[in-house]
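Scroll down for the structure; my scribbles are underneath it.
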Amino acid sequence: MLKELQLSLSVILLLACGFLYQFTLKSSCLFCSPSFKSQQGPEALLSHRRGIVFLETSERMEPPHLVSCAVESAAKIYPERPVAFFMKGLTDSTPMPSNSTYPAFSLLSEIDNVFLFPLDMKRLFEDTPLFSWYTQINTSAERNWLHISSDASRLAIIWKYGGIYMDTDVISIRPIPEENFLAAQDSQYSSNGVFGFLPHHPFLWECMENFVENYNSDIWGHQGPGLMTRMLRVWCKLEDFQELSDLRCLNMSFLHPQRFYPISYPEWRRYYEVWDTDPNFNDSYALHLWNYMNQEGRAVVSGSNTLVENLYQKHCPGTYRDLIQGPEGPVTGELHPGNK
Numbered sequence: 039m040l041k042e043l044q045l046s047l048s049v050i051l052l053l054a055c056g057f058l059y060q061f062t063l064k065s066s067c068l069f070c071s072p073s074f075k076s077q078q079g080p081e082a083l084l085s086h087r088r089g090i091v092f093l094e095t096s097e098r099m100e101p102p103h104l105v106s107c108a109v110e111s112a113a114k115i116y117p118e119r120p121v122a123f124f125m126k127g128l129t130d131s132t133p134m135p136s137n138s139t140y141p142a143f144s145l146l147s148e149i150d151n152v153f154l155f156p157l158d159m160k161r162l163f164e165d166t167p168l169f170s171w172y173t174q175i176n177t178s179a180e181r182n183w184l185h186i187s188s189d190a191s192r193l194a195i196i197w198k199y200g201g202i203y204m205d206t207d208v209i210s211i212r213p214i215p216e217e218n219f220l221a222a223q224d225s226q227y228s229s230n231g232v233f234g235f236l237p238h239h240p241f242l243w244e245c246m247e248n249f250v251e252n253y254n255s256d257i258w259g260h261q262g263p264g265l266m267t268r269m270l271r272v273w274c275k276l277e278d279f280q281e282l283s284d285l286r287c288l289n290m291s292f293l294h295p296q297r298f299y300p301i302s303y304p305e306w307r308r309y310y311e312v313w314d315t316d317p318n319f320n321d322s323y324a325l326h327l328w329n330y331m332n333q334e335g336r337a338v339v340s341g342s343n344t345l346v347e348n349l350y351q352k353h354c355p356g357t358y359r360d361l362i363q364g365p366e367g368p369v370t371g372e373l374h375p376g377n378k
């Protein structure tokens, strides 16, 4: 009888230890559901798979519908890859928000391959050239801190873990086949809204060094697309694009503007217009919607047959169903401060 009691207690103890171990692992990945999601932190999750990374550098907890669409579309296009959304407003002790209060947050947290992580910049910048800069800077005095901190964070994350970074107004439409690449915004000028590299790529290390050495927060884009363009010109002898061909330089690619920017920023309103013939975007991997330009709050309206409504219906149907067709009706365009 005593032996049976000891055996039962041993089994209970082992089960309790296993539960505590799993609970500890879960704490580094907030609100992960049990299906696709192994309970891993970003280091383990992203280091072993070519992940897709999004950032929110404001304290906001509820993503606007365009952010939700961007993340959902990436999860749909890359079902076998983890899609990591780093949010500054999250902490390890953040309570799970209700569906009614945060419908977009809840929608994203339920997608199998989407992972929501806290964005701890101080920890992220450790062991990179950005650490000394970050620990000395007065963030409250920076005019464009939300954008500059995003520019820095994306460099560090992709350098550490590898994968593809995307701005939260980029809708994925087909897989990107490249491993090491920059995206041309126009001829000989690089974007930093989409880029991808293998871990510890020297190009990104040099970008972080240049970020600190030539820091100037007063010039818009100096730490972002301006930085990428400066470093690209150091690494490569750039030529004009020939037809739809991408450019190759050393072990990376400079992708044609059609891959992500078939509609240029001066024409951003075309996304909110009705087209006579639906475009196929056959030469594109994703579409940058230039949300920062949408200062006038152009709307995604259910039943309008605009290009942006059709993109939502096709590439982020959950977002369209829950956030556009929901009981609240049409949703106006929202300028989200955390990213470009």
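Start counting the sequence shown at 39; every next residue gets the next number (the working numbering). All residues carry an ideal CB built from backbone N, CA and C; glycine is no exception.
Let's test the definition: count the other Cβ atoms within 10 Å of the Cβ of L285 and tell me whether it reaches 16, buried, or not, exposed. Taking the sequence shown and counting its residues from 1, the one referred to as residue 285 is at position 247. Answer is buried; the Cβ neighbour count reaches 16.
Can you find the residues in the same chain that come closer than 8 Å, C-beta to C-beta, to S71, ignoring five residues on each side of it along the sequence? In the sequence shown, the residue the question calls residue 71 occupies position 33. Any answer about S71 is weak, because its pLDDT of 41 lies below 50 and its placement is not dependable; what the coordinates show is given next. Excluding residues up to 5 positions away in sequence, S147, E148, D150 lie with their Cβ nearer than 8 Å to the Cβ of S71 in the same chain.
Quick check: the stretch 348-368 against the stretch 238-249, are at least 3 beta-carbon pairs closer than 8 Å? With a cut-off of 8 Å, the stretch 348-368 and the stretch 238-249 do not count as touching, because too few Cβ pairs lie within range.
Would you check if there are 3 or more beta carbon pairs closer than 8 Å linking the stretch 325-335 to the stretch 204-216? These segments touch.
Are the stretch 208-227 and the stretch 257-276 touching by the rule of at least three beta carbon pairs closer than 8 Å? Flag = yes, the stretch 208-227 and the stretch 257-276 touch.
From F155 to M269, what distance separates their C-alpha atoms? Taking the first residue of the sequence shown as 1, we reach residue 155 at position 117. Taking the first residue of the sequence shown as 1, we reach residue 269 at position 231. So the alpha carbons of these two residues sit roughly 30 Å apart.
In angstroms with no decimal places, state the Cα-to-Cα distance between P102 and A142. Working through the sequence shown from its first residue, we reach residue 102 at position 64. Working through the sequence shown from its first residue, we reach residue 142 at position 104. Roughly 7 Å separates the two Cα atoms.
Distance check for T166 and T344, CA to CA, integer angstroms please. One-based indexing of the sequence shown puts residue 344 at position 306. One-based indexing of the sequence shown puts residue 166 at position 128. Spanning the two alpha carbons is a distance of roughly 44 Å.
Can you give the Cα-Cα distance for H238 and L288, rounded to whole angstroms? Walking along the sequence shown from the start, residue 238 turns up at place 200. Walking along the sequence shown from the start, residue 288 turns up at place 250. Distance between the alpha carbons of H238 and L288 is about 16 Å.
For the putative contact between S187 and T95, defined by C-beta atoms under 8 Å, what is the C-beta separation to the nearest angstrom? Taking the first residue of the sequence shown as 1, we reach residue 187 at position 149. Taking the first residue of the sequence shown as 1, we reach residue 95 at position 57. That belief holds up - the Cβ atoms of S187 and T95 are roughly 5 Å apart, short of 8 Å.
Could you compute how far the alpha carbon of P317 sits from the alpha carbon of R297? Here residue 317 corresponds to residue number 279 of the sequence shown, with the count starting at 1. Here residue 297 corresponds to residue number 259 of the sequence shown, with the count starting at 1. Taking the straight line from one Cα to the other gives about 14 Å.
Starting from I214 and walking both ways along the alpha helix (DSSP H), at which residues does that stretch end? Residue numbering aside, residue 214 sits at position 176 when the sequence shown is read from its first letter. Under the DSSP assignment, I214 falls outside any alpha helix (DSSP H); it carries neither an H nor an E label.
Here's the rule I'm using: 16 or more other beta-carbon atoms within 10 Å means buried, otherwise exposed. How should K126 be labelled? As a first step, residue 126 is located in the sequence shown; it is residue number 88 there, counting from the start. It counts as buried.
So, are the CB atoms of L193 and N218 less than 9 Å apart? Numbered from its first residue, the sequence shown carries residue 193 at position 155. Numbered from its first residue, the sequence shown carries residue 218 at position 180. N218 is positioned such that its CB atom lies no closer than 9 Å to that of L193.
To the nearest angstrom, how far is the alpha carbon of G79 from that of I115? The count along the sequence shown starts at 1 and reaches residue 79 at position 41. The count along the sequence shown starts at 1 and reaches residue 115 at position 77. Just so you know, the alpha carbons of G79 and I115 end up roughly 23 Å apart.
Cβ atoms of A122 and V208: under 9 Å apart, would you say? Start at 1 with the first residue of the sequence shown, and residue 208 comes out as number 170. Start at 1 with the first residue of the sequence shown, and residue 122 comes out as number 84. No, the Cβ-Cβ distance between V208 and A122 is not below 9 Å.
Buried or exposed: R336, going by 16 or more other Cβ atoms within 10 Å of its Cβ? Position 298 of the sequence shown holds residue 336. With 16 or more other Cβ atoms within 10 Å, it is buried.
For a test of the three-state rule: what should DSSP assign to E97, helix, strand or coil? Taking the first residue of the sequence shown as 1, we reach residue 97 at position 59. E97: coil per DSSP, three-state reduction.
Taking the continuous beta strand (DSSP E) assigned at C287, which residues delimit it? As a position in the sequence shown, residue 287 is number 249, starting the count at 1. Note, C287: beta strand (DSSP E), 285-287.
Give the range of the beta strand (DSSP E) segment to which G201 is assigned. Reading the sequence shown from its first residue, position 163 is the one you call residue 201. Residue range 201-204 is occupied by the beta strand (DSSP E) that includes G201.
Counting along the chain, where does the beta strand (DSSP E) carrying A324 start and finish? For the purposes of this step, residue 324 is taken as the residue at position 286 of the sequence shown. Counting along the chain, the beta strand (DSSP E) containing A324 begins and ends at 324-326.
Cα-Cα separation, N230 to G364: On the sequence shown, position 192 is the one that residue 230 refers to. On the sequence shown, position 326 is the one that residue 364 refers to. Going by the C-alpha atoms only, they are around 33 Å apart.
Would you identify the three-state DSSP class for Q296, choosing helix, strand or coil? Position 258 of the sequence shown, counted from the first residue, corresponds to residue 296. Three-state DSSP puts Q296 in a helix.
Apart from the five residues on each side of it in sequence, which residues of its chain come closer than 8 Å, Cβ to Cβ, to L361? Here residue 361 refers to the residue found at position 323 when the sequence shown is read from its first residue. Non-local beta-carbon contacts of L361 in its own chain, meaning distances under 8 Å to residues more than five positions away in sequence, involve H103, S106, P141, A142, L145, V369 in chain order.
Own chain partners of D189 with C-beta closer than 8 Å, once the 5 adjacent residues on each side are dropped: Counting from 1 along the sequence shown, the entry for residue 189 is found at position 151. Around D189: N230, F249, Q261, G262, L265.
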